[in-house]
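Residue numbers (this note's numbering): 15 to 233.
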């Protein structure tokens, strides 16, 4: 049995951040790097081995600018939702929220400058399906998307998974030529990152979110 270097694996898994302010907007990302990371991503599990995934890679200025504009419009709608959120005083997420908003605003202003935008897609339209089929469809693309982000991170390339442009998914489909039977699930901003490394983020305690055998039961 081959033993993995757990320190390296754990570091990769705990420091693959949503990179926004530290994306290097001046350095191109080589197409070969994107292609290799997609090849790695395609080793992820997929429901019934259907392999209905697709990845639209945007490197030309015009489509990047048009998708970035949809993202900006969607972000405005999302900020309205954020304004209505109520988190308990002292909640870790409330403490982190202003920093997240600042970081998100930076990406909002510069998304069209990010060297690579990538749209993961999956064959099928889950919106009217039963929950089990929705879960199967999304569960067949997000593992590959996360694997892609990990593969990029391992090569010194940062990424940020967003969904704001999906408020206008059909407009995006027209821009990108996406067939009607294919669903866009996210938008990745991809660029080399500045600085040396990332640290694990502060998160809610795992013990408070883990239920053994029945909801609300600790170990």
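Glycine included, C-beta positions come from ideal geometry on N, C-alpha and C.
| Cross-strand partners of residue 67 (DSSP beta bridge) | Beta-bridge partners assigned by DSSP to residue 67: 136.
| said: Short of 8 angstroms in beta carbon distance, which residues of its chain neighbour residue 231, apart from the five on each side in sequence? Order them along the chain. | reply: Only 225 meet the Cβ criterion.
| Three-state secondary structure (DSSP) of residue 58 | Residue 58: coil per DSSP, three-state reduction.
| What are the start and end residues of the alpha helix (DSSP H) that includes residue 220? | First-last of the alpha helix (DSSP H) with residue 220: 220-223.
| said: Quick check: residue 25 and residue 78, are their CB atoms within less than 8 angstroms of each other? | reply: Using a Cβ distance threshold of 8 angstroms, residue 25 and residue 78 do not count as a contacting pair.
| query | Is residue 161 helix, strand or coil when you go by DSSP? | reply | Collapsing the DSSP output to three states places residue 161 in a helix.
| task | Figure out for me which residue from 140, 183, 162, 182 has the closest Cα to the Cα of residue 173. | result | Selected option, being the one with the closest Cα: 162.
| task | Compare the Cα-Cα distances from residue 180 to each of 205, 85, 192 and report the closest residue. | result | Comparing C-alpha distances from residue 180 to each of 205, 85, 192 shows the shortest one belongs to 85.
| said: Bridge partners for residue 206 per DSSP, in chain order? | reply: Beta-bridge analysis with DSSP links residue 206 to 171.
| request: Could you pull out every residue in the same chain whose Cβ sits closer than 7 angstroms to the Cβ of residue 137, ignoring the five residues on either side in sequence? | output: 66, 195, 196.
| request: Look up residue 131 in the DSSP assignment and say whether it is helix, strand or coil. | output: Of the three classes helix, strand and coil, the one that applies to residue 131 here is strand, per DSSP.
| Pairing CB atoms from the stretch 206-224 with CB atoms from the stretch 22-39, are three or more of them under 8 angstroms? | Because the criterion of three Cβ pairs below 8 angstroms is met, the stretch 206-224 and the stretch 22-39 touch.
| field | Rounded straight-line distance, which links the Cα of residue 188 to that of residue 219 | value | Their backbone Cα atoms lie some 43 angstroms apart in a straight line.
| message | I need the DSSP call for residue 201, collapsed to helix, strand or coil. | response | Here residue 201 carries a strand assignment [DSSP, helix/strand/coil].
| request: Kindly indicate the opening and closing residues of the alpha helix (DSSP H) around residue 21. | output: Its alpha helix (DSSP H) spans residues 20-28.
| message | What residue range does the alpha helix (DSSP H) around residue 188 cover? | response | Element bounds for residue 188: 183-190.
| Do you know whose CA, among 45, 16, 202, lies nearest residue 178's CA? | Of the candidates 45, 16, 202, the residue whose Cα lies closest to the Cα of residue 178 is 202.
| message | Buried or exposed, going by whether 16 or more other CB atoms sit within 10 Å of the CB of residue 176? | response | By the neighbour-count rule (16 or more Cβ atoms within 10 Å), residue 176 is buried.
| query | Going by beta carbon distance, what residues of the same chain come within less than 6 angstroms of residue 133, once the five residues before and after it are set aside? | reply | For residue 133, where only same-chain residues beyond five positions count, the Cβ hits under 6 angstroms are 70, 198, 201.
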